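Chains as they are written, first to last, in this note's numbering: chain A, 1 to 305; chain B, 1001 to 1155.
We put the beta carbon where it would ideally sit given N, CA and C, even for glycine.
On a predicted model such as this, the values are computed, not experimentally measured, just so you know.
The structure appears below as structure tokens.
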């Protein structure tokens, strides 16, 4: 059952498997023919209450490739939010000026709340540390495009698996497919039990490692994330592990031919720049795929695809 | 010593509510969430009493007080084994185990300081779930964080 039209997207779990695949199929169409002017009568609002490079620009670029118009802000400093206007009032006001609202907001749960009060659909572009479903969809798109399918994939997720919302959503979404998970992290940043239970319930396998090298030859996808020093209660412990999960080009020698390296970006030092020239590096293309996926979401939610 | 007492005698109440089978370690929490430390009504309570079913239990009797569904939901979260007994004119008119509701609204505060419900005028809403160990947790409808029973702050 596919029901995307006029529905907000707050969390990746709002979509079932068929709906996810439908979005990926539409995105594929936009990759082949990106400049379809189907949004010429539409206005999209982009409300960014906190900074973003990739997400905001790729949403705005998606709207413009489709011939739509954009209203919005890249920082709340220039809006009535500084006068203390509530989120509800901001959403109700902006919904008068637009057909769909794309929102990033630092408060966890703000997107769900906005979707309840808004008469137009809300597309969550990140609500604090909670959800970022368009990142998850572009990751799925990148995996399917590079591997030909979302089934029978060995994915290694590396780095901060405890706090990273991106990896949690990705594991949840990939659990709808036949995936084998390899979780690589320091002891103190292991994947939470709740996420691992979800994998087990889906009847899938996961393996845990602290040694990075061991997993490289097994992976079809190497999904790198950043380890943030401030996550460690003990700075000494951070010093011990901070260089253990840095990927450089020589480490890819033992990898499979079809391996692709993904990263949600921005990177700090966990991906050495010498990886960039390796054809297995896919993270900038991954960011580009974000435009096709966001075009697909906007078009499908507005009922144009 | 025929008349040696083996049970604690607590006065019966004429009208009101008895909360029985409270886990012994949560009696004071129940007391607090019902605001009984600040009431003018007669209240009797006991804790660490022998119970055939639970080993140790607590009991609270409140005169002339009948609880609404919202308060019973609070009791169910803190003391899921509790039984609510309604007494009118010394007669038990209703006796039933508390039921854990599927969802609770406007009862508890979200523990996540970054949750939208702690910054905007949004009524809180939680789904009652079990974690992978079978322990009861509250899942915030908005920020999707879970909190365990001991961290619940009631509104």
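Among residues of its own chain, excluding the 5 on either side of residue i, which ones have a beta-carbon nearer than 7 Å to its beta-carbon?
i                       : result
residue 1001 of chain B : In this prediction, residue 1001 of chain B has a pLDDT of 47, which is less than 50 and means its spatial position is unreliable; what the coordinates show is noted afterwards. Once the five neighbours on either side are set aside, residue 1001 of chain B has no close Cβ partner at all.
residue 267 of chain A  : 226
residue 1153 of chain B : 1108 and 1109
residue 108 of chain A  : 127, 128, 129 and 130
residue 103 of chain A  : 47, 111, 114, 122, 124 and 125
residue 258 of chain A  : 147 and 220
residue 187 of chain A  : 210
residue 274 of chain A  : 248 and 249
residue 1071 of chain B : 1034
residue 309 of chain A  : For chain A, the structure presents residues 1 to 305; residue 309 of chain A sits outside this window and is missing.
Nearest chain C C-beta to residue i closer than 8 Å, yes or no?
i                       : result
residue 1119 of chain B : Among the protein chains in the structure shown, which are A and B, there is no chain C.
Is residue i close to the ligand ADP? I mean its beta-carbon at under 7 Å from any heavy atom of the ligand.
i                      : result
residue 251 of chain A : What this structure holds is no ligand at all, so the ligand ADP is not there to describe.
Which residues in the same chain as residue i place their Cβ atom closer than 8 Å to its Cβ, once the five residues preceding and following it in sequence are excluded?
i                       : result
residue 316 of chain A  : Lying outside 1 to 305, the shown extent of chain A, residue 316 of chain A is not represented and no answer is given.
residue 22 of chain A   : 2, 4 and 300
residue 99 of chain A   : 42, 43, 44, 120 and 302
residue 1092 of chain B : 1085 and 1086
residue 1067 of chain B : 1017, 1034, 1075 and 1084
residue 204 of chain A  : 175, 178, 179, 180 and 181
Short of 6 Å in beta carbon distance, which residues of its chain neighbour residue i, apart from the five on each side in sequence? Order them along the chain.
i                       : result
residue 305 of chain A  : 26 and 299
residue 336 of chain A  : What the structure shows of chain A is the stretch from 1 to 305, and residue 336 of chain A is not part of that stretch, so it cannot be assessed.
residue 1049 of chain B : 1057
residue 69 of chain A   : 43
residue 1129 of chain B : 1137 and 1139
residue 1141 of chain B : 1125
residue 72 of chain A   : 45, 46 and 47
residue 1101 of chain B : 1073
residue 1043 of chain B : 1036 and 1062
residue 1082 of chain B : 1019, 1021, 1022, 1075 and 1098
residue 63 of chain A   : 44 and 70
residue 217 of chain A  : 254
residue 136 of chain A  : 12, 169, 170 and 173
residue 37 of chain A   : 67
residue 40 of chain A   : 67
residue 272 of chain A  : 248
residue 76 of chain A   : 49
residue 34 of chain A   : 65
On the premise that residue j lies in contact with residue i, defined as a C-beta separation below 8 Å, what is that separation, rounded to the nearest angstrom?
i                       : j                       : result
residue 125 of chain A  : residue 55 of chain A   : 5 Å
residue 1041 of chain B : residue 1090 of chain B : About 17 Å; that fails the 8 Å criterion.
residue 1017 of chain B : residue 1065 of chain B : 6 Å
residue 96 of chain A   : residue 49 of chain A   : Going by Cβ atoms, the distance from residue 96 of chain A to residue 49 of chain A rounds to 19 Å, so no, they are not a contact pair.
residue 195 of chain A  : residue 158 of chain A  : With a Cβ gap of about 15 Å, residue 195 of chain A and residue 158 of chain A do not count as contacting.
residue 1112 of chain B : residue 1145 of chain B : 5 Å
residue 140 of chain A  : residue 24 of chain A   : 6 Å
residue 134 of chain A  : residue 297 of chain A  : 7 Å
residue 285 of chain A  : residue 30 of chain A   : Not really, about 15 Å apart at Cβ, beyond 8 Å.
*Kindly provide the ranges of any beta strand (DSSP E) runs that are 3 or more residues long and lie completely inside the region 1005–1087 of chain B, ordered along the chain.*
Taking only runs of at least 3 residues, the beta strand (DSSP E) segments lying wholly in the region 1005–1087 of chain B are 1016–1023, 1043–1051 and 1055–1063.
_Please identify, using Cβ separations under 8 Å, the residues of the region 197–231 of chain A that lie next to chain B, in order along the chain._
Going along the region 197–231 of chain A in chain order, one finds 197 with a Cβ nearer than 8 Å to chain B.
*In chain order, which beta strand (DSSP E) runs of at least 3 residues are fully inside the region 161–196 of chain A?*
Runs found: 179–184.
_Interface positions of the region 1134–1151 of chain B facing chain A (Cβ-Cβ less than 9 Å), listed along the chain_ = Within the region 1134–1151 of chain B, 1140, 1141, 1142, 1143, 1144, 1145 and 1146 place their CB atoms closer than 9 Å to a CB of chain A, listed in sequence order.
*Taking any Cβ of chain B, which residues in the region 101–120 of chain A have a Cβ under 7 Å from it, in chain order?*
Those residues of the region 101–120 of chain A that come within reach of chain B (Cβ to Cβ, closer than 7 Å) are 107, 108, 109, 110, 112 and 113.
*Segment contact flag, the region 104–117 of chain A with the region 5–12 of chain A, C-beta cutoff 8 Å, min 3 pairs*: Yes, they touch.
*asked:* For the region 84–99 of chain A, list every residue whose C-beta sits within 9 Å of some C-beta in chain B, in sequence order.
replied: From the region 84–99 of chain A, only 86, 87 and 88 have a Cβ closer than 9 Å to chain B.
*asked:* Runs of 4 residues minimum, wholly inside the region 38–76 of chain A: which ones carry the alpha helix (DSSP H) assignment?
replied: Correct list: 54–65.
*Enumerate, from N- to C-terminal direction, the unbroken beta strand (DSSP E) stretches of 3 or more residues contained entirely within the region 71–129 of chain A.*
Counting only runs of 3 or more, we get 100–105 and 122–127.
_Counting beta carbon pairs with one atom in the region 247–261 of chain A and one in the region 217–233 of chain A, are three or more of them shorter than 8 Å?_
With a cut-off of 8 Å, the region 247–261 of chain A and the region 217–233 of chain A count as touching, because enough Cβ pairs lie within range.
*Three or more C-beta pairs closer than 8 Å, one from the region 1034–1041 of chain B and one from the region 1057–1066 of chain B: is that the case here?*
Using a Cβ-Cβ distance cut-off of 8 Å, the region 1034–1041 of chain B and the region 1057–1066 of chain B are in contact, since at least three pairs of beta carbons, one from each stretch, lie closer than that value.
*Which runs of the alpha helix (DSSP H) spanning at least 4 residues fall entirely within the region 206–267 of chain A, listed in chain order?*
Runs of the alpha helix (DSSP H) inside the region 206–267 of chain A: 235–241.
*asked:* Residues of the region 1123–1134 of chain B in Cβ contact with chain A at a cutoff of 9 Å, in chain order, please.
replied: Taking 9 Å as the Cβ-Cβ cut-off against chain A, the residues of the region 1123–1134 of chain B that qualify are 1131, 1132 and 1133.
*Taking three-plus beta-carbon pairs below 8 Å as touching, is the region 148–159 of chain A in contact with the region 1023–1033 of chain B?*
The region 148–159 of chain A, when compared against the region 1023–1033 of chain B, does not touch it at the 8 Å Cβ threshold.
*For the region 1090–1114 of chain B, which residues have a CB atom closer than 7 Å to at least one CB atom of chain A, in sequence order?*
Result list: 1112 and 1114.
_Residue ranges of each alpha helix (DSSP H) within the region 129–158 of chain A, 4 or longer_ = The region 129–158 of chain A contains, as complete alpha helix (DSSP H) runs of 4+ residues, the segments 133–147 (chain order).
*Sufficient close CB pairs (3 or more, under 8 Å) joining the region 56–64 of chain A to the region 82–97 of chain A*: With the cut-off at 8 Å, the region 56–64 of chain A and the region 82–97 of chain A do not touch.
_Under 9 Å (Cβ pairs) to chain B, residues found in the region 126–160 of chain A_ = For the region 126–160 of chain A, which is checked against every Cβ of chain B, the residues closer than 9 Å are 127, 128, 129, 130 and 131.
*Residues, ordered as in the chain, of the region 5–21 of chain A that lie near chain B by beta-carbon distance below 8 Å*: If the cut-off is 8 Å between Cβ atoms, the region 5–21 of chain A has 11 near chain B.
_Residues of the region 1034–1052 of chain B in Cβ contact with chain A at a cutoff of 9 Å, in chain order, please._
Nothing from the region 1034–1052 of chain B brings a Cβ to less than 9 Å from some Cβ of chain A.
*Contact residues within the region 182–198 of chain A, judged by C-beta distance below 7 Å to chain B*: Here the close residues are 193, 194 and 197.
*Residue ranges of each beta strand (DSSP E) within the region 1101–1147 of chain B, 3 or longer*: Secondary structure remark: continuous beta strand (DSSP E) runs of at least 3 residues inside the region 1101–1147 of chain B, in chain order: 1103–1105, 1125–1130 and 1136–1140.
*Which residues, in chain order, does the region 1014–1032 of chain B contribute to contact with chain A at a C-beta distance below 8 Å?*
Of all residues in the region 1014–1032 of chain B, none has a Cβ within less than 8 Å of some Cβ in chain A.
*Quick one, which residues of the region 1058–1092 of chain B are near chain A if we go by CB-CB under 9 Å, in chain order?*
Listed by position, the residues of the region 1058–1092 of chain B near chain A (Cβ gap below 9 Å) amount to none.
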